[in-house]
Amino acid sequence: MGNASLRAADGNKDDEFYTGYEDIKKELVNYAKYFKGKIIYCNCDDHNGIGLGTPKSNFLKYLADNFEAFQIKKVIATHYEKDKDHSTMYILDKDNTGDGVICFEDIAEIPMKGDGDFRSPECIELLKQADIVITNPPFSLFREYVAQLMEYKKKFLIIGNDNCRTYKEIFPLIKENKFWCGLNHVKQFCKPDGSVQNFGNVSWYTNLENSRRNEIISTGKKFYGYENMYPHYDNYDAINVDKVSDIPMDYDGVMGVPITFMDKYNPEQFEIIDGLNRYTILDVAKVNDWAKANHIHLTEINGKSKYLRILIKRKS
Ligand SMILES: C[S@@+](CC[C@H](N)C(=O)[O-])C[C@H]1O[C@@H](n2cnc3c(N)ncnc32)[C@H](O)[C@@H]1O
-5 MGNASLRAAD GNKDDEFYTG YEDIKKELVN YAKYFKGKII YCNCDDHNGI
45 GLGTPKSNFL KYLADNFEAF QIKKVIATHY EKDKDHSTMY ILDKDNTGDG
95 VICFEDIAEI PMKGDGDFRS PECIELLKQA DIVITNPPFS LFREYVAQLM
145 EYKKKFLIIG NDNCRTYKEI FPLIKENKFW CGLNHVKQFC KPDGSVQNFG
195 NVSWYTNLEN SRRNEIISTG KKFYGYENMY PHYDNYDAIN VDKVSDIPMD
245 YDGVMGVPIT FMDKYNPEQF EIIDGLNRYT ILDVAKVNDW AKANHIHLTE
295 INGKSKYLRI LIKRKS
């Protein structure tokens, strides 16, 4: 179901996948120290229910539930109203119930001038005020969404599919250490009709430091003495490694590893040199057309193409 569901989301522009409360909690709790005194903006989040008291955005619910504990300054949520001229903004920053505790019931609803599109001038003004952006944005607009975060230099915690790592707009950000993986994958989302849909390749992405960034990958594997396990590409000066758990610890040259490497990537230990694949990342090097025209798969071994590989090198 995983990849097919994502492709469908991309093709049909079906962006209505809601994130579960427990998945949000599991990831966000690791970054609580960054939220103190900060304005958090959820710009694809509607707090009105999808039925039986279930909020559409569990992001807003989770941040409201932990507003006091995390000492958050303010939470702003906006969402897109496709068929309406005006959307509604939700703000949490003071005790409207007068019970001395700021919580979900204190969320204030404020009419918006526009439809709540995250790219609208009204939402961009809110974005400028915010310190951290947290949401699961529409899969179909992911590239544009990330470009906007970069333009306004925002800290972020967002959900996206694993293939985004290979996008020509995203891969350079990973290489430059402006975008990296969060700590968890998200396996299920709720649809507007209440049904649950499973995904195999959706993860958190962020530019907030997390514990994984400091963990040393240690596989116990060796290249020298086991050279047969690590064939050299026909057309690129690097060895191929099929699994992250097989990365040899004693090899100083360039290695091609699967994109799952990024889940464990520690920039102190390895450097990402480039990407090798059947066309996508070649866009970065501006040789995509050339490669297509010549039917060249740069990751060939004995004439047989391998799947997408990230080129890495151990740091000395
Ligand atoms: C993947 S869903 C996630 C919703 C919510 N953030 C969550 O995680 O439960 C993405 C949401 O973005 C909304 N959306 C689509 N286009 C948008 C736009 N241009 N601006 C803001 N939101 C948009 C969709 O309607 C959808 O509700």
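Residue numbers (the numbering used here): -5 to 310.
Using N, Cα and C, we set each Cβ at its ideal position, and we do this for glycine too.
Taking one beta carbon from each stretch, the segment 211 to 224 and the segment 161 to 172 have fewer than 3 pairs nearer than 8 angstroms; the two do not touch.
If one requires a minimum length of 4 residues, the alpha helix (DSSP H) runs lying completely within the segment 111 to 169 are 115 to 123, 136 to 145, 165 to 169, in chain order. Around the beta carbon of V190, fewer than 16 other beta carbons lie within 10 angstroms, which makes this residue exposed.
Excluding five sequence positions before and after H73, the CB atoms of its chain that fall closer than 7 angstroms to its own CB belong to C38, D39, D40, S81, G110, given in chain order.
Distance from the C-beta of L86 to the nearest heavy atom of ligand 1 is not below 7 angstroms.
The bridge partners DSSP lists for H226 are I233. A contact between stretches requires three or more CB pairs, one per stretch, nearer than 8 angstroms, and the segment 167 to 177 meets this requirement with the segment 192 to 205. In terms of side-chain proximity, the C-beta atom of P115 is found no nearer than 7 angstroms to any non-hydrogen atom of ligand 1. In the DSSP annotation of this structure, I18 is not part of any beta strand (DSSP E); the continuous alpha helix (DSSP H) holding it starts and ends at 15 to 22.
In this structure, DSSP gives E262 a state outside helix and strand, which the three-state scheme calls coil.
A distance criterion of 7 angstroms places the beta-carbon of G110 in contact range of ligand 1, judged by its closest non-hydrogen atom.
Within the segment 181 to 224, the complete beta strand (DSSP E) segments of 3 residues or longer fall at 182 to 184, 190 to 192, 196 to 200, listed in chain order. Contact annotation: A71 and C97 have beta-carbon atoms that are not nearer than 8 angstroms. Looking from the CA of D17, the closest CA among V127, K181, I211 belongs to K181. Taking a cut-off of 8 angstroms on C-beta distances, the segment 58 to 68 touches the segment 19 to 31, as three or more cross pairs fall below it. Look at I101 here: in three-state DSSP terms it is coil, with no helix or strand label. Note on T13: 16 or more other CB atoms within 10 angstroms of its CB, so buried under the neighbour-count rule. Secondary structure at M83: strand, using DSSP grouped into helix, strand and coil. Annotated as distal: M249 and I266, with beta-carbon spacing of 8 angstroms or more.
Our two residues, V69 and I118, have alpha carbons roughly 15 angstroms apart in a direct line. For N155, the CB contacts under 7 angstroms within the same chain, skipping 5 residues up- and downstream, are L0, F133, N195, V196 in chain order.
Per DSSP, N52 is one residue of the alpha helix (DSSP H) stretching across 52 to 59. A residue is called buried when at least 16 other Cβ atoms come within 10 angstroms of its Cβ; N192 does not meet this threshold and is exposed. Around the CB of G247, fewer than 16 other CB atoms lie within 10 Å, so the residue is classed as exposed.
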